[in-house]
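Chains as they are written, first to last, in the working numbering: chain A, 1 to 354; chain B, 1001 to 1354; chain C, 2001 to 2354; chain D, 3001 to 3354.
4 protein chains.
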Amino acid sequence: MSFNSFGNLLRVTTFGESHGAAIGGVIDGFPAGVEIDFEAVQEELNRRKPGQSKIVTQRKEPDTVEFLSGIFEGKTTGTSIGFIIRNTNQKSKDYNHNTNVYRPSHADYTYDKKYGLRDHRGGGRSSARETANWVVAGALAKQFISQININAFTSSVGDIFMEKPYQDVDFSKTESNIVRCPDEASAEKMIDKIKEIRKAGDTIGGTITCVAQNVPVGLGEPIFNKLHAELGKAMLSINAVKGFEFGSGFCGSKMKGSEHNDVFNADGSTNTNLSGGIQGGISNGMDIYFRVAFKPVATIMTNQQTINSEGELTEITGKGRHDPCVVPRAVPIVEAMTALVLADFYLLNRTRQV
Amino acid sequence: MSFNSFGNLLRVTTFGESHGAAIGGVIDGFPAGVEIDFEAVQEELNRRKPGQSKIVTQRKEPDTVEFLSGIFEGKTTGTSIGFIIRNTNQKSKDYNHNTNVYRPSHADYTYDKKYGLRDHRGGGRSSARETANWVVAGALAKQFISQININAFTSSVGDIFMEKPYQDVDFSKTESNIVRCPDEASAEKMIDKIKEIRKAGDTIGGTITCVAQNVPVGLGEPIFNKLHAELGKAMLSINAVKGFEFGSGFCGSKMKGSEHNDVFNADGSTNTNLSGGIQGGISNGMDIYFRVAFKPVATIMTNQQTINSEGELTEITGKGRHDPCVVPRAVPIVEAMTALVLADFYLLNRTRQV
Amino acid sequence: MSFNSFGNLLRVTTFGESHGAAIGGVIDGFPAGVEIDFEAVQEELNRRKPGQSKIVTQRKEPDTVEFLSGIFEGKTTGTSIGFIIRNTNQKSKDYNHNTNVYRPSHADYTYDKKYGLRDHRGGGRSSARETANWVVAGALAKQFISQININAFTSSVGDIFMEKPYQDVDFSKTESNIVRCPDEASAEKMIDKIKEIRKAGDTIGGTITCVAQNVPVGLGEPIFNKLHAELGKAMLSINAVKGFEFGSGFCGSKMKGSEHNDVFNADGSTNTNLSGGIQGGISNGMDIYFRVAFKPVATIMTNQQTINSEGELTEITGKGRHDPCVVPRAVPIVEAMTALVLADFYLLNRTRQV
Amino acid sequence: MSFNSFGNLLRVTTFGESHGAAIGGVIDGFPAGVEIDFEAVQEELNRRKPGQSKIVTQRKEPDTVEFLSGIFEGKTTGTSIGFIIRNTNQKSKDYNHNTNVYRPSHADYTYDKKYGLRDHRGGGRSSARETANWVVAGALAKQFISQININAFTSSVGDIFMEKPYQDVDFSKTESNIVRCPDEASAEKMIDKIKEIRKAGDTIGGTITCVAQNVPVGLGEPIFNKLHAELGKAMLSINAVKGFEFGSGFCGSKMKGSEHNDVFNADGSTNTNLSGGIQGGISNGMDIYFRVAFKPVATIMTNQQTINSEGELTEITGKGRHDPCVVPRAVPIVEAMTALVLADFYLLNRTRQV
């Protein structure tokens, strides 16, 4: 029972505060013999890192990962893979005003009550900086299950939605704009929206859609580790996430069985895919797709009433460098967690028949 | 690593097929000294059981639980609690036509591919009959954390939504109608809808909302066992669930930070509760509320095209006794899983400070 | 985290008190497609059951296992296997004198202090009756890894040791005498010893040796789940066990490296096998052998001073039907736990290379 | 399921090869609010480090631990504690002759077969260097459960045994000689023995005894996580360990029940303590004591026949700097693992009653 671990057979255990010496983790159960492309790992980190564009936080952190074990002469050895990412650009002073004050809709209050104390610098462990660890682990997982294609993208910012279905866009376009929406027309509107919000010192929510293609049939365990339940848990672990739906999702709750059922073709594929590629908790070989809702970032640049740890009313104004919208930087995180879930079940599935 | 287990410190491990000899489970980690109200357990099972009203399946199963261990002279002893529920009303013949045929949007195809064989009778392990086990475990959990009030209810059937916010209804009314919606006006419309759907041999989806009140501050672990991530995983484990959202949920993704932040009162409570009682993965003492989407039941009474295990196209018509809408019977299941999650974190929280 | 569970990928979770309604368990992760020989399972239970010979307890219990799930048309389905064994011959009255009294070197005192209450009938959960569950699970594991031969036998009773090395005896002889020692000359002496001890109202300890042959190379994880560490934990879980050694064991601690090293042959086998078939926590294909020490049974038929739960000094005399020596009945338990450990690592080993 | 993790509620996950960049780990579940004495941690590492005396390996490594997270202003925060120890004195060239050759009674052969490749430098992951990680984690655990006194010491080297019972020695003397035996007369003989063995280019085994005093009643779980079973697993995880016994151990197997039972005193203590402080898997408040057998180090300075990965016979001679006897440096490792086990059960025990 480890509350900083994710996964079963392929299991990542992490540590690190946003303003401590380093973050990092241990990847356990990674199979031996996988040739690691270190540049590809760093590229994934670069997609997540701060300061990459005008619409994300202007903090500059190189986010360079150092692998410490488990890889020898370019290949995984089957032993645990330790890694760290040094924290280099912490401006702890930006948070001195927070020592004693609970920022609204942050984790300051709950950490203090749960643990009796907290590292107030930059949110400490509750900072989304932690997700850089997940991107490292997910990048390795992607290389292990490289036959599966995982593509996440920004599907809405505020009330601006990508209008095309995912089948009609080209995923290779996702990285061609800074909001990571593969539909250029929608992307432009989303970027404008975020710029406007940032100018107002405010923040905005959004959604990410993720599609996994070429997934083998049979991944997922049918009772308490249903494939979609693990994906849901993975997504709900990402900072700021408020909701998860797969396949028909919440819309499916309004439908009739005669509309919702996916009719089989002779080859086992289905005509429609309202199931979202998962039936009874197990992948059926069709595209897996799901949607993740992100709330607006809690740190805003305007004045808010709040309390301090003595229960006195006080005021707080956001300082430092923050994201006006978390969604563009969360795209690689969604992909990383999806890769971890799928790789875990992929390994496990080798043990389910005699 | 047990794929038929749920929970960490309080952990339930289950077994059973819908048409086997019995279903049952083992509840491990339940603390010693809890006085068990056996009638209350049976009442929860009765809320879930088939045949209880005109709008659910007309199968009759008494669903009587037999406790085999872990309770002595009416009190839990701290040892594992074994229990079984005999299967008494299996009409396996109803499923003979399914031996070789994959029912659309069921788990027949994926089980066969994953395991190389399957128990075709009534869905076998993939049947929602399994959830009776969860209701037993959840009923015990409820008795352990009896100070927390957990109330789930039907919040929509198809496109009929309960219009009042949960704060404006009386949860004690939930059981006063067969659809389990505490707002009588909405309940009537929902019941009519389900009757109409059943008459057409069709099925319909819906949503359940669940509210947990009087939850202590501090429950939940902040990284990979966030309280809402565990609740999400629990809900997504329930048969037919397609989505989960808590607090502001998917609506929150359209909001601005200045609208979404919950301002603190001097006592640590918040003015609004878009956070849904959870901040940074940890309960903050406010109401926890979330919403769960259920797809329509896949078994419909009309003819559908499908394939058999040889990959030949064939037709199938639903037989036997099935639910036109799974939502009313799922209300106690949602509550049970919520109780299991909260009780688990409640125990764990005793270990987080020196 | 389940404290009534054993194993990782193949995982058994158990319940049951010696004088409750039933004992039983859930076997999770058992691969699909294994044809189950139910008679072989019952035979293993018969080897463990009370009343089977003159030198074990004269209690009569049929110990009939009922499988409730996970097996369909004679084959495992990959879903969890539930089973129960009804308790039929409980004479709870035999234990009425114990309600309030702590039997020396039993678990009465520690259970009471740990849980605040206890089921005093026959030791409750601390009874070795629990091990019948393990024999069921182990019997299934044996059938899954049937190519591996696991043979345990009584290697000493008190100070009577089997003098021949295991290589010089015929394991098929183990079942031909009631003490389960494959060397007939030693067996006779052991049986006489136990009869003498029983007559005196006393009990005696002993050791069991277990040999696993034809084990594939590569089983075991090299850091915290070393093959011998898991075997050791498994053996130390058996009631009355006080020690475990494998290969050269405690004798090895007196040796020099030049004596102890096992020199390789060209085919990877070794000339000697002081390593006991395990190097660096991983099986090397040679025989795995280990020895387990059992203390004398704590229940004796003579008067002993003790205390009750009020801390008052009192006296106690063993009543009921007890084993004068636990070792003969523990032989199938040692084999069952060995089978569970090996089967678990056997499955796991499928996931260690790309 | 993590095979580089140890513990349940308090859980350490490690990584690192002897000749990689660093070793390290993550300590999860450590309660918040423990003030950390960093010097005490380093002192424990110094007790384990190479080069500390004439009778251990002459390798010089500072073994300086760097904590990266989970501790703020000198106190634990309840979040995961990451740490690393840089490898500074690797002479990888010493191992070039091993690239392709399997050292007898090492893990070279089994790693190669299990993973299909291996890091041959210094044993890679199979090196006892890993245990430095355990010492770090154990040092923190000791500080959490500081009321419990844990004292391990060298109780034999080859056939030289400490003759006094542990009750008759002064544990504060353990550190006053380089072999770590608290009985000076025995210590001298042991040191002479090791010097003689080293001069011959050979190695020798030995045993360590460990005593835990002032342990609260109630630690340990009664079925599969018995206190002694977890201690046994912990000890059997240490490199070169071949056996474990607690209380009366293997000697107990020769005794009669009337000799072996521990009679209660009115206060719940026992007159004798053949149980070794554990009854039914649960601590009873008496001293816990156990003994651990270490085989002689496999690397010897004389010529041995062996094979290479092509299965060709070849010869090997130990090079580099190695321990003639592993026991003196293993004393702090035994204590560290004991502390981890006890601290884990100490936390868990808070959850066992309502």
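A virtual CB, placed ideally from N, CA and C, is assigned to each residue, including glycine.
CB of residue i within 8 Å of CB of residue j, strictly
{"i": "C:Q2279", "j": "D:A3107", "result": "yes"}
{"i": "D:G3024", "j": "D:I3084", "result": "yes"}
{"i": "C:M2128", "j": "D:N3261", "result": "Rather than Met, the amino acid found at residue 2128 of chain C in this sequence is Ala. Cβ atoms of C:A2128 and D:N3261: not closer than 8 Å."}
{"i": "C:P2328", "j": "C:V2056", "result": "yes"}
{"i": "C:E2245", "j": "C:F2290", "result": "yes"}
{"i": "C:N2008", "j": "C:D2344", "result": "yes"}
{"i": "C:K2233", "j": "D:K3295", "result": "no"}
{"i": "C:S2275", "j": "C:N2284", "result": "yes"}
{"i": "C:V2157", "j": "C:K2193", "result": "yes"}
{"i": "B:A1022", "j": "C:L2068", "result": "yes"}
C-beta neighbour in chain E for residue i, strict 8 Å
{"i": "D:T3013", "result": "Checking the listed chains, one finds no chain E in this structure; the protein chains it contains are A, B, C and D."}
Residue i, buried or exposed, once every other Cβ within 10 Å from all chains shown has been counted against 16
{"i": "A:G311", "result": "exposed"}
{"i": "A:D357", "result": "The structure shown does not extend to residue 357 of chain A, since chain A is modelled only from 1 through 354, so no value can be given for it."}
{"i": "B:S1269", "result": "exposed"}
{"i": "B:N1271", "result": "exposed"}
{"i": "B:G1074", "result": "exposed"}
{"i": "D:A3040", "result": "exposed"}
{"i": "A:V263", "result": "exposed"}
{"i": "D:D3168", "result": "exposed"}
{"i": "D:D3267", "result": "exposed"}
{"i": "A:K199", "result": "exposed"}
{"i": "A:F250", "result": "buried"}
{"i": "D:E3061", "result": "buried"}
{"i": "C:K2113", "result": "buried"}
{"i": "D:E3035", "result": "exposed"}
Reduced DSSP secondary structure (H/G/I, E/B, other) of residue i
{"i": "A:Q213", "result": "strand"}
{"i": "A:A200", "result": "coil"}
{"i": "A:Q304", "result": "strand"}
{"i": "A:K75", "result": "strand"}
{"i": "B:I1085", "result": "strand"}
{"i": "C:Q2167", "result": "helix"}
{"i": "B:F1264", "result": "strand"}
{"i": "B:R1011", "result": "strand"}
{"i": "A:Q143", "result": "helix"}
{"i": "D:I3194", "result": "helix"}
Residue span of the beta strand (DSSP E) that contains residue i, given as start and end
{"i": "A:K113", "result": "Not the beta strand (DSSP E): A:K113 falls in the alpha helix (DSSP H), residues 108-115."}
{"i": "C:N2046", "result": "It is not in any beta strand (DSSP E) - C:N2046 instead sits in the alpha helix (DSSP H) that spans 2038-2048."}
{"i": "D:A3293", "result": "3288-3294"}
{"i": "B:G1357", "result": "Because chain B spans 1001 through 1354 in this model, residue 1357 of chain B falls outside it and cannot be assessed."}
{"i": "A:N151", "result": "149-157"}
{"i": "B:E1315", "result": "1313-1317"}
{"i": "B:E1230", "result": "Note, B:E1230: premise wrong, no beta strand (DSSP E); alpha helix (DSSP H) at 1227-1236."}
{"i": "B:G1123", "result": "Element bounds for B:G1123: n/a, residue is neither H nor E."}
{"i": "D:G3024", "result": "3022-3028"}
Residue range of the unbroken alpha helix (DSSP H) whose run includes residue i
{"i": "D:L3348", "result": "3327-3348"}
Quiz prompt | the region 3181-3188 of chain D in contact with the region 3201-3214 of chain D per 3-pair CB rule at 8 Å | solution = no
Exercise. Specify whether the region 2136-2144 of chain C and the region 2327-2336 of chain C touch according to this definition: at least 3 beta carbon pairs, one from each stretch, less than 8 Å apart.
Key: yes
Quiz prompt | the region 1025-1036 of chain B / the region 1300-1310 of chain B touching (three or more Cβ pairs under 8 Å) | solution = no
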